[in-house]
Structure formats: structure tokens, C-alpha cells
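Shown next, in C-alpha cells, is the structure this report addresses.
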Amino acid sequence: MALAEELGMCPLVAHCHLGLGTLSRQIGKPEQARSELLSAIELFRAMEMTFWLNRAEAELAQAE
429 MALAEELGMC
439 PLVAHCHLGL
449 GTLSRQIGKP
459 EQARSELLSA
469 IELFRAMEMT
479 FWLNRAEAEL
489 AQAE
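Note that my numbering gives residue 447 to position 19 of the sequence shown, counting from 1, and the numbers run on in steps of one.
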């Protein structure tokens, strides 16, 4: 994720946050999941990636 950020690969960074949020939710770390998913949502919204935005928001709803 750090390399993707350095290279300006915003879609990959957003997907990393989504994956980390999903994993955190699955292993019982709700605060970390919420933080990662909110980051993913912010990035997907900024890039107007609505398909992935909807998936991240659904994952956040499950985490809460």
C-alpha cells in the first residue's frame, strides 16, 4: 500500500483499504475495520468509483 501511495495509484490504495477493512471485520477488530473502510469510501467517492463505493459502504454496514 505504501508503494501504491508513493506512485499515486489511488484505485489500488482504495482497494487495499477495502481489503484490510474486510479482513479486520472478519477477525473481530471493528474499530480498525471502520477506519479502513471509511478510508476506502472516501477514496472511492473522490474517484467516482460507484461500484466499489457501494461495496465498501455495504461492508461498513456489516462492520457496524
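Note that beta-carbon positions come from the ideal geometry of N, C-alpha and C, so glycine has one too.
| Check | Outcome |
| --- | --- |
| Contact under 9 Å by Cβ, L465 with L446 | yes |
| Whole-Å CB distance - I469 paired with L448, under 8 Å assumed | Not quite, the Cβ-Cβ distance comes to about 13 Å (not below 8 Å), so this is no contact. |
| Span of the alpha helix (DSSP H), counted from its first residue to its last, around E485 | 478-491 |
| Own chain residues within Cβ distance below 8 Å of L481, not counting five before or after | I469, F472, R473 |
| Neighbour-count burial assignment, T450, 16 or more Cβ in a 10 Å radius | buried |
| Bounding residues of the alpha helix (DSSP H) (the contiguous stretch that carries I469) | 458-474 |
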